[in-house]
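Everything below concerns the one structure shown next.
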Amino acid sequence: MYEFEYKITDGDMKAVNKSIMWRYFVPYLTVSLVGIGVGILAAVMRPRIELMICGIILAVFGGILLVCSVLMAVAPKNFVASILETYDDVVRKVTVDERCVKIATEGQSDITIPLGDITAVKTRKDCLLLYFGKQRVLIVKNAFKTGQSLGELRDFILGNRMSPKAAFVPSEKDGEAKDGGTADGE
Numbered sequence: 019m020y021e022f023e024y025k026i027t028d029g030d031m032k033a034v035n036k037s038i039m040w041r042y043f044v045p046y047l048t049v050s051l052v053g054i055g056v057g058i059l060a061a062v063m064r065p066r067i068e069l070m071i072c073g074i075i076l077a078v079f080g081g082i083l084l085v086c087s088v089l090m091a092v093a094p095k096n097f098v099a100s101i102l103e104t105y106d107d108v109v110r111k112v113t114v115d116e117r118c119v120k121i122a123t124e125g126q127s128d129i130t131i132p133l134g135d136i137t138a139v140k141t142r143k144d145c146l147l148l149y150f151g152k153q154r155v156l157i158v159k160n161a162f163k164t165g166q167s168l169g170e171l172r173d174f175i176l177g178n179r180m181s182p183k184a185a186f187v188p189s190e191k192d193g194e195a196k197d198g199g200t201a202d203g204e
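FYI, the numbering for the sequence shown is 19 to 204, going by our numbering.
Right, here's the structure in full:
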């Protein structure tokens, strides 16, 4: 069992969204600058008219991608949202066991989330991101009460989490024999 005590603040969510934004911004900017450069080079050199037209089109699309990447950096969007309300002064007690993640907040009822609801686990340098769907996330900070590490927790969650497809494993009495055939002998 893993136990933590920490605060989830607006600054934490902004830092997570900013790191996700940088993962998109850098490739978009690189592709747009390469596209503009190759497009201008093809339009200026114009060995054939078809290449000049393709160069102009490539430069225009590279410019559009450049504008999109700059807008992403200037006006960042929230790529993920916290599964919990973020407060600067509320301490959460998070417990992870073989079946669920339990979040206790003083003055509120406990929240229990089965490990099977976790769709992805992402590792950051000082926290884990437990994804529930594509846009909901629980930040698990490195605030262990015991001596474990985030790597151990990540491996524990991935080992105990079941995918929805693997939730049912048929047995002999359900009609499946152990050798892959049915229990009837077919």
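Note that the Cβ used here is the ideal one computed from N, Cα and C, for glycine as well.
As the structure is a prediction and not an experimental result, all values here were calculated from the model.
Where does residue 48 fall in DSSP's three states? Residue 48 falls in the helix class under three-state DSSP.
Give the DSSP-derived three-state secondary structure of residue 100 in the structure shown. In the displayed model, residue 100 falls within a strand according to three-state DSSP.
Taking a contact to mean a Cβ-Cβ separation below 8 Å, would you say residue 100 touches residue 155 in this structure? Yes. Within cutoff.
Using a Cβ distance threshold of 8 Å, determine whether the region 75-93 contacts the region 40-53, with at least three qualifying pairs required. Contact between the region 75-93 and the region 40-53 is present, because at least three Cβ pairs lie under 8 Å.
Considering only C-alpha positions, which residue in the set 91, 50 and 93 is nearest to residue 75? Nearest C-alpha to residue 75: 50.
Classify residue 25 as helix, strand or coil using the three-state DSSP reduction. Looking at residue 25 - three-state DSSP - the assignment turns out to be strand.
What's the call for residue 77, buried or exposed, on a 16-neighbour Cβ count within 10 Å? Result: buried.
Tell me the DSSP secondary structure of residue 196 in three-state form. Low local confidence applies: a pLDDT of 46 at residue 196 is under 50, so the model's placement there is unreliable, with the coordinate-based value given in what follows. Three-state DSSP puts residue 196 in coil, outside helix and strand.
First and last residue of the beta strand (DSSP E) that includes residue 71? It is not in any beta strand (DSSP E) - residue 71 instead sits in the alpha helix (DSSP H) that spans 67-92.
Provide the residue span of the alpha helix (DSSP H) that contains residue 207, from first to last. Look at the range of the chain in this structure, 19 to 204, and you will see that residue 207 is not part of it.
Which residues does DSSP list as the beta-bridge partners of residue 110? For residue 110, DSSP records a beta bridge to 24 and 123.
My output table needs one value for residue 55: the three-state DSSP class, helix, strand or coil. When DSSP states are grouped into helix, strand and coil, residue 55 belongs to the helix group.
I believe residue 102 touches residue 26 by the beta-carbon criterion, under 8 Å. Please report the beta-carbon distance rounded to the nearest angstrom. So it is a contact: roughly 6 Å between Cβ atoms.
Between residue 113 and residue 21, how many whole angstroms is the CB-CB distance? I'm expecting something under 8 Å. Right, their Cβ atoms sit about 5 Å apart.
Rounded to whole angstroms, what is the Cα-Cα separation between residue 38 and residue 122? So the alpha carbons of these two residues sit roughly 28 Å apart.
Straight-line CA distance for residue 170 to residue 137? Their Cα atoms are separated by approximately 18 Å.
Exposed or buried, what is residue 41 when buried is set at 16 or more other beta-carbons lying within 10 Å of its beta-carbon? Counting every other CB atom within 10 Å of its CB across the protein chains shown gives residue 41 a total below 16, marking it as exposed.
Please confirm whether residue 144 and residue 160 have their CB atoms less than 8 Å apart. A contact, by the Cβ cut-off of 8 Å.
Ignore the nearest five residues each way along the sequence and tell me which others in residue 111's own chain have a CB closer than 6 Å to its CB. Correct list, in chain order: 23 and 122.
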